[in-house]
Amino acid sequence: MAALALSNYTLFSPRPSTSSKAIESTSLVTPSLCFLHNPRHRSRHCYPLLSFSPASHSSPVRRSFLPCFSAQDSVPNVNKEEDDGEDGNKAGDELHGLSLQALINIYREAFLDGDQKTISKVEAKLKIFEREKDGLFQKVSNTSAEITSGKENYIRLQADFDNFRKRSEKERLTVKNNAQKEVIENLLPMIDSFEKARQQIVPQTDKEKKIDVSYQGIYKQFVEVLRSWRISAVAAVGRPFDPSLHEAVAREESQEIKEGIIIQELRRGFLLGERLLRPARVKVSKGPGKKNSPTTNSEKPTEHPATATARVDEH
């Protein structure tokens, strides 16, 4: 700008007179400031140039040159600071709301142009994106951990619920069986009465036969009701003695039946499902009797080993 001012000064400044006399009649001109628009500058500010205006006879020719140069040098500096502020605000507004790819493109252009201010702003924006990315990554990690924990809790609760359902069903069946057992145990004496009546009554007349048929029909219905409750009789006659199912009340010798085999059922036993309601009272065979054989003085009498049978109490 100083060079421009000097060139203007050279072109428009008056030549000094060779005469020693003061010029009285001739009007002098003094340099003054005018502003010229520079179309290449972004801010469209005007730059000061020198022009000349008439001056009085008494004023020196060069007295306004120094103020002119000082004003000319100071004006462009102020305009440059304003331009930098506007450019910074504009750059900040341009970076707002841009995508990552757009910021990368701006950073590349600023790096090639050597624009450190734009580079700093883009780097600050990228750091903000980095912090946001780290925050989102942490949120995703926390959410994934919560989902995993929720799945584990769901599986554990599902297993607990299945166990509770099975346990509840088992307890329900136990309560039901206990209630049925209590009711059926009270009905067992009635079953015994039916059995004794069937064994003792021998119908002879037609009237007795009709009564016996009616009795057998009632007993059959009663047995069907017991079967619907999963009640079954304990097998006894001809089976080996089982202390968990049978109650032996007597033992007798038998030449035909082996030892430990039930030969007679005195009272019927019953099962509720797989649970024993009442054991069957039975008579067990001791097998064939012992035969007496002569013994000599040199021979000692031998004892036959007893077979392994369950000990039962006689009632």
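Counting from 1, one number per residue, gives the positions in the sequence shown under full-length UniProt numbering. For each residue, glycine too, the CB sits at the ideal point set by N, CA and C. Note that the coordinates shown come from a computational prediction; the quantities given were computed from them, not determined experimentally.
Residue range of the unbroken beta strand (DSSP E) whose run includes residue i
i: R165; result: No beta strand (DSSP E) contains R165, which is instead part of the alpha helix (DSSP H) from Q116 to Q200.
i: E252; result: H246 to E253
i: I231; result: I231 to A233
i: F270; result: F270 to L272
i: K283; result: A280 to G287
i: E265; result: I262 to R267
Rounded separation between residue i and residue j - CA only
i: E253; j: E274; result: 32 Å
i: I104; j: T148; result: 37 Å
i: Q101; j: R131; result: 17 Å
i: E171; j: N163; result: 12 Å
i: G287; j: D242; result: 17 Å
i: S120; j: E109; result: 13 Å
i: Q158; j: R165; result: 10 Å
i: R267; j: F161; result: 46 Å
i: L277; j: K210; result: 33 Å
i: R227; j: Q180; result: 12 Å
i: E169; j: E182; result: 20 Å
i: G150; j: S141; result: 14 Å
i: L173; j: R167; result: 10 Å
i: N153; j: S144; result: 14 Å
i: V175; j: Q200; result: 38 Å
i: A124; j: K139; result: 23 Å
i: K133; j: V122; result: 16 Å
i: Q116; j: E146; result: 45 Å
i: L136; j: G114; result: 33 Å
i: S293; j: I218; result: Low confidence applies to S293: its pLDDT is 46, below 50, so where it sits in the model is not reliable, and the reading given next is rough at best. Looking at the two C-alpha atoms, the distance is approximately 57 Å.
Residue-chain proximity (residue i, chain D), Cβ-Cβ < 9 Å
i: L126; result: Of the chains in the structure shown, none is chain D; there is only one protein chain.
Of the residues the options, the one placed nearest residue i, counting alpha carbons only
i: E185; options: G269, P288 and S285; result: G269
i: L126; options: I155, T174, A179 and I106; result: I106
i: S214; options: L226, V140 and A197; result: A197
i: I128; options: S99, E146, K117 and K139; result: S99
Nonlocal neighbours in the same chain, by C-beta distance under 6 Å from residue i, ignoring five residues either side
i: R250; result: In the sequence as presented, Arg is not what sits at residue 250; that position holds Ala. The answer, listed in chain order, is K283.
i: A236; result: I262, E265, A280 and V282
i: I155; result: none
i: D212; result: P203
i: L187; result: none
Residue i - containing alpha helix (DSSP H), residue span
i: G217; result: D206 to S228
i: A236; result: Element bounds for A236: n/a, residue is neither H nor E.
i: I104; result: L100 to D113
Same chain, Cβ closer than 8 Å to residue i, neighbours up to 5 away in sequence not counted
i: K177; result: Just to set this straight, residue 177 is Asn in the shown sequence, not Lys. The residues are L272, G273 and R275.
i: F111; result: I119
i: S285; result: R251, E252, E253, S254, I257, K258, E259, G260, I261, I262 and I263
Cutoff 7 Å; reference residue i; Cβ partners in own chain excluding five residues on either side
i: Q255; result: P288
i: R239; result: I262
i: E195; result: R268
i: Q216; result: none
Proximity test, residue i beta-carbon vs the ligand GDP heavy atom, cut-off 8 Å
i: R251; result: Absent from the structure shown: the ligand GDP. Ligands present: none.
Using 8 Å as the threshold, is the segment 276 to 288 in touch with the segment 227 to 247, meaning 3 or more CB pairs across them? yes
Determine, using beta-carbon pairs with one atom in the segment 227 to 237 and one in the segment 203 to 212, whether at least three such pairs fall under 8 Å. Contact fails between the segment 227 to 237 and the segment 203 to 212, because fewer than three Cβ pairs, one in each stretch, are under 8 Å apart.
Within the chosen definition, does the segment 215 to 229 reach the segment 182 to 201 through at least 3 CB pairs nearer than 8 Å? yes
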